[in-house]
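So in full-length UniProt numbering, the last one in the sequence shown is 133, and the numbering has no gaps at all.
Note that beta-carbon positions come from the ideal geometry of N, C-alpha and C, so glycine has one too.
Computed from a prediction, not measured in an experiment: that's the story for all the values here.
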Amino acid sequence: MQATATVLVYSDNANTREQVRLAAGRRPAADAPQIEILECATAPAVLTALEQGGIDVCVLDGETAPAGGMGVCRQIKDEIFRCPPVLLLIGRPQDAWLATWSRADAAVTHPLDPVAFADTLAGLLRRRSLVQA
């Protein structure tokens, strides 16, 4: 398993980005790699970061405006070759069907449950590590 993984966090809300950073911690699980967080507040910044490569998992806020995380997710799944797994933050459990439409690999609801978020993130990091091996 790689020593460090890069997690891109997209939200126009600094508090949401901080919640994600705190919930993820330095390592979301004992068997997951340590993580570095790359924060993006705009959709163009997300696209630029993904085009440069090196992103292992994306965490996208579905409530971001003007380009919401669901639309950005669908776009990057179509446009980015070997797009990393996406964890979508949704406003309510009933929005899970939108996460499926956007082709997200996983979804968690706001407000973040730190344990559920870390477990879901760790699962995506494990999966990413298996794909790269």
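Judged by beta-carbon spacing, T6 lies within the 8 Å limit of I55, meaning their Cβ atoms are closer than that value. The count of Cβ pairs closer than 8 Å, one atom from the stretch 63-81 and one from the stretch 97-108, reaches three, so the stretches are in contact. The alpha-carbon separation between L98 and G68 amounts to approximately 12 Å. Within the DSSP bridge table, the entry for T109 names I90 as partners. By the neighbour-count criterion, in which a residue is buried when 16 or more other Cβ atoms sit within 10 angstroms of its Cβ, D78 is exposed.
At least 8 Å separates the beta-carbon of A23 from that of A122.
Bridge partners of E79 according to DSSP: none are assigned. For R17, same chain residues with a beta-carbon under 7 Å away, outside a window of 5 residues either side, are V9, S11, E39 in chain order. In this structure, R128 places its C-beta atom within 8 Å of the C-beta atom of P85. V57 places its beta carbon 8 Å or farther from that of L89.
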